[in-house]
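**Q** Residue numbers (our numbering), protein chains in the order written: chain Z, 1 to 428; chain B, 429 to 907. All C-beta atoms, glycine included, are put in the ideal place defined by N, C-alpha and C. This structure is a prediction, so every number in the text was calculated from the model and none was measured. For reference, the structure I am asking about is given below.
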Ligand SMILES: Cc1cc2nc3c(=O)[nH]c(=O)nc-3n(C[C@H](O)[C@H](O)[C@H](O)COP(=O)(O)OP(=O)(O)OC[C@H]3O[C@@H](n4cnc5c(N)ncnc54)[C@H](O)[C@@H]3O)c2cc1C
Ligand code: SF4
Ligand code: SF4
């Protein structure tokens, strides 16, 4: 064989042929796709990507350089799923394809592959290491080292964006002893097991605190079971086996907690937790448990609109809301976060143009594909700047970091917060 | 394959990001929304200006390579296929709105602009761009011009040709000219009218001046529920007979409403033989009265329920259901083949009966959704391409349906164009003399026949040679 790479998908956890057939090639997804809007190349459109997958399944093209590039330039933002009249589960197809690429080929070119492996396999599955890293990063900022390193241009280009993404003045990470159970503020209405999420927990501790606060204020008993990373980044990258291990750990822990609801404040994690049922569909020991688990998962905005805290204080801010892809497209949650913000007296909710267009964060996409990520970010910031907000609200840690960076880069003052942080401010 | 030397020249002109030459990439350009017909292009280029288009066309002309424009590739007749291993000129990057003039009620846009984006851009000023094909969230203005596309609102507002004032065109020899301009009814030949609907065979549009309309003051959407298609069809005839001009009149049969309901829960009844969607728009005054008249007409034709959408949300849902019909079929059948026939409105009940017969004879289910006000039908032949003879039976059904339409005094296509799909049916409608006259007109624009060759006119060798038909693996559903 002339090219490196592999031919045809094998049978293991492959993108399903029947699912590919659901694509009727109508093209209605094209204008919804961020990479197509930027490049206008059909290989980098949802329909084109599915066509390429079919071509691999048929043995017309190999899983090699071109195919791999188009699969990994996809943000897995799932905007195409919102646009598709035929109900194609694009996510399952692209993630299945990446799983095959990771298992059967040498993966991504250059240094990206080993770095990906190190970060995803060496770091995220281990909460201890993540916290250590967060502490080191904080030290890096507080000590003035960040300023020094930046001024001496010591950061290799691949890590530069990662460095820029760090919010200034990192708060201390939230280390609640696992197993804690926090009573509701008023009469008990539900028991919520809180899935804290790695990034929020280690880099955005105020979001974690606010989430616990508003859940309790709305009448939830909040449990914090011992937990693992949700595995979303692993699945996006194609490391399906690692993700399955993480999923099994979480399923055991959360089902054992006995909570009615499994709540997360991270759109990315929530979308993945709701997909455990698909991830483990072929695992006889876990398929049923995964179903039960996924059925209980809620985004925090769903829970607080159902169990809203009462007697809110005014929060006089002009707030621009950005729809995270993994809320709007993956979970079809658009109304609840807005409703949550509208409940707050004095708060003016501003609608930006194309609020559900991707900001380019997409898990760790911004680190892997910085050029595309920045193009999308710039467009997002334009639409935000146009409404002159005093704050930006969005319900996903990745988006908070990404848009925060975009705002700083353009010298814009408005900070980026999670909607629950605003609710917490309003909630005595 | 296009010679490497030519690909190099194109790359020097446009840069590597705007030239697609890798055979592993090119396959995504081998079909449009109609995957029945496929042909892999030689090379795909993405110009950003009219001058670049002209340079590309001149290269093609010099090398005697065929070339064809491509918009979003949502076409349903294989119009943007490159049958000759030449150059696909993707207009997708030319997607700017160059000028909006509300006083003159027009906009000048580039042809790669997505149809809906134009309306989105002007709606906050109270305007809209009227042609609204169901594919409007993705298809391009240039593609609409080439196909003279219509939509549900064609009944009241007409097709694309009624909304294009002028065009900048790169002719097949590379010359840049203007047809029409900023005003309607200019002296001389109506060359804009000639170009619109020419299916990409007369040149490549690089700027389009379109009319903008003020958005109607009020819009009202109604749903009539009927036991039979005949009752729904008769209602349509009576509405028009009584002189009411709704903005849209759309009928869906039971197979369609069931598929749509399974998918998006638009609020259609599952057990009704047919539903009729009526939209009224215009000044608020008098609208309620019109709605009453329509309700009465529905009742006189045995409607079992007539409902007015109570708010914008319900309205949008009903329309989303209608516009998602094609997609929804994908969930009830492995493959489908959509037809685009036209009959005089009064013959609707007759053609529907014939379609049912044709389906029964071939043992295939046929769903129906159509722009009833225009007599423009979209019968959808449902089949399973994995069963070999089903594909040929579906094609046979299609041919018989179109023949029946023509026999009833109708036409082969209402809005999807002839392309490669229906080229061999042209003699059903046109005599050799008619076709020769059209051929002569094409010669005027494209004497070398390099601009989108192999389309529209009958081609006996097609169906087996020019395009690959349906390779082994079952594809998705074919719109
Ligand atoms: C789900 C679905 C629903 C649809 N509903 C409708 C409908 O309601 N009404 C309707 O009329 N059609 C409908 N269509 C068909 C299709 O969307 C239209 O024909 C549309 O106008 C094609 O636009 P496009 O940009 O995708 O063009 P393409 O498919 O890319 O090209 C179509 C033709 O236009 C030519 N062309 C493209 N750009 C230019 C240019 N700049 N200059 C010259 N020629 C050019 C091409 O060469 C080709 O011949 C539907 C299609 C789908 C998939
Ligand atoms: S997931 Fe996002 S980037 Fe990927 S194909 Fe779909 S819309 Fe495009
Ligand atoms: S919208 Fe859905 S069915 Fe249509 S081309 Fe895209 S993925 Fe396929």
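1. For the candidate residues Z:213, Z:101, Z:119, whose alpha-carbon lies nearest to that of residue 65 of chain Z?
2. From residue 245 of chain Z to residue 117 of chain Z, what does the alpha carbon distance come to, in whole angstroms?
3. Pull out every residue of the stretch 45-71 of chain Z whose Cβ sits closer than 9 Å to any Cβ of chain B, in chain order.
4. Run through the stretch 469-513 of chain B for me and flag every whole beta strand (DSSP E) of 3 or more residues, listed as ranges in chain order.
5. With residue 706 of chain B and residue 677 of chain B assumed to form a contact (beta carbons below 8 Å), what rounded beta-carbon distance in angstroms separates them?
6. Could you check which residue in B:528, B:855, B:622 has the C-alpha nearest to that of residue 552 of chain B?
7. Give the straight-line distance between the Cα atoms of residue 349 of chain Z and residue 826 of chain B, rounded to the nearest whole angstrom.
8. Mark residue 896 of chain B as exposed unless 16 or more other C-beta atoms lie within 10 angstroms of its C-beta, in which case mark it buried.
9. With a threshold of 8 Å between beta carbons, is residue 691 of chain B in contact with chain Z?
10. With a threshold of 7 Å on Cβ separation, who are the neighbours of residue 544 of chain B within its own chain once the five nearest residues in sequence on each side are excluded?
11. Counting Cβ pairs closer than 8 Å, one from the stretch 640-654 of chain B and one from the stretch 696-712 of chain B, do we hit at least three?
12. Please compile the residues from chain Z whose C-beta is within a distance smaller than 7 Å of the C-beta of residue 457 of chain B.
13. With 7 Å as the limit, tell me which residues of the stretch 9-38 of chain Z have their beta carbon closer than that to any beta carbon of chain B; keep them in chain order.
14. Please say whether residue 629 of chain B and residue 870 of chain B have beta carbons closer to each other than 8 Å?
15. Could you run through the stretch 491-507 of chain B and flag, in chain order, every residue whose CB is less than 8 Å away from some CB of chain Z?
16. Beta carbon of residue 429 of chain Z, beta carbon of residue 200 of chain Z: below 8 Å?
17. Is residue 904 of chain B close to chain Z, meaning its C-beta is less than 8 Å from at least one C-beta of that chain?
18. Within 8 Å of any Cβ in chain Z, is that where the Cβ of residue 694 of chain B sits?
19. Secondary structure at residue 326 of chain Z, three-state DSSP: helix, strand or coil?
20. Residues of chain Z with a CB under 7 Å from the CB of residue 762 of chain B: which are they?
21. Residues of chain B with a CB under 9 Å from the CB of residue 86 of chain Z: which are they?
22. Report the neighbours of residue 450 of chain B on chain Z: residues whose CB is nearer than 7 Å to its CB, in chain order.
23. In chain B, which residues lie with their C-beta within 9 Å of the C-beta of residue 433 of chain Z?
24. Quick one: residues in its chain with C-beta nearer than 7 Å to the C-beta of residue 472 of chain B, no 5 flanking neighbours on either side, listed in chain order?
25. Measure from the C-beta of residue 646 of chain B to each C-beta in chain A and report whether the shortest distance is under 8 Å.
26. What are the residues that DSSP puts in a beta bridge with residue 884 of chain B?
27. Looking at residue 422 of chain Z: is its Cβ nearer than 8 Å to the Cβ of residue 319 of chain Z?
28. Residue 905 of chain B by DSSP, collapsed to three states: which one?
29. Going by DSSP, what residue range makes up the beta strand (DSSP E) through residue 181 of chain Z?
30. Measure from the alpha carbon of residue 115 of chain Z to the alpha carbon of each residue in Z:372, Z:203, Z:365, then state which is nearest.
31. Tell whether a beta-carbon distance below 8 Å holds between residue 402 of chain Z and residue 368 of chain Z.
32. Run through DSSP, which three-state label would residue 806 of chain B get?
33. Give the C-beta separation of residue 710 of chain B and residue 646 of chain B to the nearest angstrom, bearing in mind that I take them to be a contact with Cβ-Cβ under 8 Å.
34. Consult DSSP for residue 517 of chain B and reduce its assignment to one of helix, strand or coil.
35. What first and last residue would you give for the alpha helix (DSSP H) that runs through residue 548 of chain B?
**A** This is what the structure gives:
1. Reading the first chain from its first residue, position 65 is the one you call residue 65 of chain Z. Looking at the Cα atoms, Z:101 is the closest of the given residues.
2. Position 245 of the first chain, counted from the first residue, corresponds to residue 245 of chain Z. Position 117 of the first chain, counted from the first residue, corresponds to residue 117 of chain Z. Using only the alpha carbons, I get a separation of about 16 Å.
3. 45, 47, 48, 49, 50, 51, 52, 54, 55, 57, 58, 60, 61, 62, 64, 65, 66, 67, 70
4. 471-473, 495-498
5. Residue numbering aside, residue 706 of chain B sits at position 278 when the second chain is read from its first letter. Residue numbering aside, residue 677 of chain B sits at position 249 when the second chain is read from its first letter. Contact holds; Cβ gap of about 6 Å.
6. On the second chain, residue 552 of chain B is found 124 positions in, with the first residue counted as 1. When only C-alpha atoms are compared, the closest one is B:528.
7. For this step, residue 349 of chain Z is matched to residue 349 along the first chain. For this step, residue 826 of chain B is matched to residue 398 along the second chain. Roughly 52 Å between the two C-alpha positions.
8. By one-based count along the second chain, residue 896 of chain B stands at place 468. Caution is warranted here: a pLDDT of 39 is assigned to residue 896 of chain B, below 50, making its placement in the model unreliable, and the coordinate value is therefore given only provisionally. Its Cβ having fewer than 16 others within 10 Å, residue 896 of chain B is exposed.
9. Walking along the second chain from the start, residue 691 of chain B turns up at place 263. The Cβ of residue 691 of chain B sits closer than 8 Å to at least one Cβ of chain Z.
10. Position 116 of the second chain, counted from the start, is the residue given in the question as residue 544 of chain B. Cβ within range, chain order: 564, 565.
11. yes
12. Numbered from its first residue, the second chain carries residue 457 of chain B at position 29. Simply 42.
13. 21, 22, 23, 24, 25, 26, 27, 28, 30, 31
14. As a working mapping, residue 870 of chain B is identified with position 442 in the second chain. As a working mapping, residue 629 of chain B is identified with position 201 in the second chain. Going by C-beta atoms, residue 870 of chain B is nearer than 8 Å to residue 629 of chain B.
15. The stretch 491-507 of chain B vs chain Z, Cβ under 8 Å: 500, 501, 502.
16. Lying outside 1 to 428, the shown extent of chain Z, residue 429 of chain Z is not represented and no answer is given.
17. Taking the first residue of the second chain as position 1, residue 904 of chain B is located at position 476. Bear in mind that a pLDDT of 33 at residue 904 of chain B, under 50, signals an unreliable position, so the number given afterwards is only what the model happens to contain. Chain Z, which has a Cβ nearer than 8 Å to the Cβ of residue 904 of chain B, makes this yes.
18. Sequence index remark: in the second chain, residue 694 of chain B carries index 266 (1-based). It does not; no Cβ of chain Z falls within 8 Å.
19. Taking the first chain and counting its residues from 1, the one referred to as residue 326 of chain Z is at position 326. Looking at residue 326 of chain Z - three-state DSSP - the assignment turns out to be helix.
20. Taking the second chain and counting its residues from 1, the one referred to as residue 762 of chain B is at position 334. Those within 7 Å of residue 762 of chain B in chain Z are 21.
21. Sequence index remark: in the first chain, residue 86 of chain Z carries index 86 (1-based). By Cβ distance, chain B contributes 691, 752, 754, 755, 756, 757, 758, 759, 904, 905.
22. Position 22 of the second chain, counting from 1, holds the residue named residue 450 of chain B. Chain-ordered, the chain Z residues with CB closer than 7 Å to the CB of residue 450 of chain B read 66.
23. Examination of residue 433 of chain Z is not possible in this model, given that chain Z is present from 1 through 428 alone.
24. Stepping through the second chain from its first residue, residue 472 of chain B is reached at position 44. So the qualifying residues of the chain are 448, 454, 457, 516, 518.
25. This model lacks chain A altogether; the protein chains it does include are Z and B.
26. Counting from 1 along the second chain, the entry for residue 884 of chain B is found at position 456. Its beta-bridge partners do not exist; DSSP assigns none.
27. Walking along the first chain from the start, residue 422 of chain Z turns up at place 422. Walking along the first chain from the start, residue 319 of chain Z turns up at place 319. Cβ distance < 8 Å, so residue 422 of chain Z and residue 319 of chain Z count as in contact.
28. Locating residue 905 of chain B in the second chain gives position 477, counting from the first residue. Model confidence at residue 905 of chain B stands at a pLDDT of 33, short of 50, so the residue's coordinates are unreliable and nothing is read from them.
29. Numbered from 1 along the first chain, position 181 holds the residue referred to as residue 181 of chain Z. Its beta strand (DSSP E) spans residues 180-182.
30. Along the first chain, read from residue 1 onward, the residue named residue 115 of chain Z stands at position 115. Of the candidates Z:372, Z:203, Z:365, the one whose C-alpha sits nearest the C-alpha of residue 115 of chain Z is Z:365.
31. Residue 402 of chain Z sits at position 402 when you count from the first residue of the first chain. Residue 368 of chain Z sits at position 368 when you count from the first residue of the first chain. Contact: no.
32. Counted from its first residue, the second chain places residue 806 of chain B at position 378. Three-state result, residue 806 of chain B: strand.
33. The residue you call residue 710 of chain B lines up with position 282 of the second chain. The residue you call residue 646 of chain B lines up with position 218 of the second chain. The pair is a contact, with the Cβ atoms about 7 Å apart (cut-off 8 Å).
34. Reading the second chain from its first residue, position 89 is the one you call residue 517 of chain B. DSSP places residue 517 of chain B in strand when its eight states are reduced to three.
35. Counting from one through the second chain, the residue named residue 548 of chain B turns up at place 120. Where residue 548 of chain B is concerned, the enclosing alpha helix (DSSP H) stretches over 543-551.
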